[in-house]
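Peer 1:
There are 2 protein chains.
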Amino acid sequence: MSKRSTRQKRAIEQVLLAARGPLSAQQIQEKASEISPGLSLATVYRVVREGAEAGTLSTVCLDDKVTRYEDRHRHHHHHFLCEDCDEVFDITIPCEMLAHRVPEGYSVTRHEITLYGHCAECA
Amino acid sequence: MSKRSTRQKRAIEQVLLAARGPLSAQQIQEKASEISPGLSLATVYRVVREGAEAGTLSTVCLDDKVTRYEDRHRHHHHHFLCEDCDEVFDITIPCEMLAHRVPEGYSVTRHEITLYGHCAECA
DNA sequence: CTAACTGCAAAGCCTTTGCATACCA
DNA sequence: TGGTATGCAAAGGCTTTGCAGTTAG
Chain A
68 MSKRSTRQKR AIEQVLLAAR GPLSAQQIQE KASEISPGLS LATVYRVVRE GAEAGTLSTV
128 CLDDKVTRYE DRHRHHHHHF LCEDCDEVFD ITIPCEMLAH RVPEGYSVTR HEITLYGHCA
188 ECA
Chain B
68 MSKRSTRQKR AIEQVLLAAR GPLSAQQIQE KASEISPGLS LATVYRVVRE GAEAGTLSTV
128 CLDDKVTRYE DRHRHHHHHF LCEDCDEVFD ITIPCEMLAH RVPEGYSVTR HEITLYGHCA
188 ECA
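Sequence lines, in order, name chains A and B.
Count the first sequence with the working numbering and you get residues 68 to 190, in order.
Count the second sequence with the working numbering and you get residues 68 to 190, in order.
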């Protein structure tokens, strides 16, 4: 759990808050380095890991096998992965009915819906 | 593309055809080794990779970051990951409406719905 | 001041690859 | 027999960890 506020942590938080969707560790390092030069990948991994354990961040793993991280402060949403630019965007889909569609005896705690296709810029 | 039918490939295919859901490379090796003793992990990776490239297999990457593989011969379906036993099961959910819920300009080619929770055995 | 944090480089996992051998066809 | 497929071990990529130096409070 994070105990001190450092330049590096603030930079990472800021980047994640400004993101349109989940970002990979690499992307976070690139963007946060502009705010906190010299930021190491190791620190990015340490901070996102702490955030995930503390529940402030969630990790997303889609079919392209890249792990991405996003702030949890926002509303429940889903993801769209553009197969051209590999960028992930947040989207909203009605999903109330999902929990009722499982076999007898199963219980659902959460779900993930991901669409794959082409984003507006790449189409 | 696969050119020869070998003991190892037949074992892997057989395991994937019998599976209730997608399996990890490890799981495939364990189960297929019972049929073809000495089967190496490297071969499993080579065979599933060929299958994926040939389109007969699909790869699945859920939030637990484990890559799993499954035969594509079956109907369109979705996945349920049990958070207790880490097993993945195939499920069916109506999903016709999904493609219409994306922002202006986006096009959807495919989707993935995953439920997380507890399976009948673990509940 | 001092315990938490960071950067670096080394270590760890999972997956891929190079090479000599085994084995389908 | 000839070339594909396999097993082993080494190499690769992403992520984690150990350690010594740095810094927040």
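Every residue, glycine too, gets a C-beta built ideally from N, C-alpha and C.
Anyone know if the C-beta pair for A/Y112 and B/A187 falls short of 7 Å?
Peer 2: no
Peer 1: Listed in chain order, which residues of the region 97-117 of chain A have Cβ atoms closer than 8 Å to some Cβ of chain B?
Peer 2: Flagged: no residues at all.
Peer 1: Where in the region 126-170 of chain B do unbroken runs of the beta strand (DSSP E), each at least 3 residues long, occur, reported from the N-terminal end onward?
Peer 2: 134-138, 145-149 and 155-158
Peer 1: Taking the C-alpha atoms as reference points, what is the distance between B/C189 and B/Y183?
Peer 2: 13 Å
Peer 1: For B/E97, report the span of its alpha helix (DSSP H) as first-last.
Peer 2: A92 to I102
Peer 1: Taking CB distances under 7 Å as the criterion, tell me whether B/D130 reaches chain A.
Peer 2: Answer yes: the Cβ-Cβ gap between B/D130 and chain A drops below 7 Å somewhere.
Peer 1: Check whether the region 128-138 of chain B and the region 128-146 of chain A touch, using three or more Cβ-Cβ pairs below 8 Å as the test.
Peer 2: yes
Peer 1: Leaving out five residues on either side along the sequence, give the residues of the same chain with a beta carbon under 6 Å from the beta carbon of B/H146.
Peer 2: V155 and T181
Peer 1: Helix, strand or coil for B/G118? Go by DSSP, reduced to three states.
Peer 2: helix
Peer 1: Classify A/L84 as helix, strand or coil using the three-state DSSP reduction.
Peer 2: Helix at A/L84.
Peer 1: Going straight from the alpha carbon of B/I102 to that of B/A78, what length do you get?
Peer 2: 6 Å
Peer 1: Say whether chain A places a C-beta atom closer than 7 Å to the C-beta of B/V175.
Peer 2: yes
Peer 1: Does the separation of the CB atoms of A/Q96 and A/L83 fall below 7 Å?
Peer 2: The answer is no: Cβ separation not under 7 Å.
Peer 1: My guess is that B/R139 and B/T123 are in contact by the Cβ rule of under 8 Å, so how many angstroms apart are they, rounded?
Peer 2: Their Cβ separation, rounded to whole angstroms, is 6 Å, which keeps B/R139 and B/T123 in contact under 8 Å.
Peer 1: Taking Cβ positions, are B/E117 and B/S69 nearer each other than 7 Å?
Peer 2: yes
Peer 1: Residues in the same chain with beta-carbon distance under 7 Å from A/T110, minus the five sequence neighbours each way, listed in chain order, please.
Peer 2: Q75
Peer 1: Could you tell me the alpha carbon to alpha carbon distance between A/A99 and A/G88, rounded to whole angstroms?
Peer 2: 15 Å
Peer 1: To the nearest whole angstrom, what separates the beta carbons of B/H185 and B/D151, a pair I think is in contact under 8 Å?
Peer 2: Between B/D151 and B/H185 the Cβ distance is about 6 Å, and since that is below 8 Å, they are a contact.
Peer 1: Helix, strand or coil: how does DSSP classify B/Y183 here?
Peer 2: In this structure, B/Y183 counts as strand in the three-state DSSP scheme.
Peer 1: Counting only Cβ pairs nearer than 8 Å, list the residues of chain B close to A/A187.
Peer 2: P170, E171, G172 and Y173
Peer 1: If you count every other CB in all the chains shown that lies within 10 Å of the CB of B/E179, and 16 or more means buried, which is it?
Peer 2: buried
Peer 1: Do B/C149 and A/C128 have their CB atoms nearer than 7 Å?
Peer 2: no
Peer 1: Here's the rule I'm using: 16 or more other beta-carbon atoms within 10 Å means buried, otherwise exposed. How should A/E85 be labelled?
Peer 2: The amino acid at residue 85 of chain A is misidentified as Glu; the sequence shows Ala. A/A85 is exposed by the Cβ-count criterion.
Peer 1: Which residues in the same chain have their Cβ closer than 6 Å to the Cβ of A/A119, if we skip the five residues on either side of it in sequence?
Peer 2: T126
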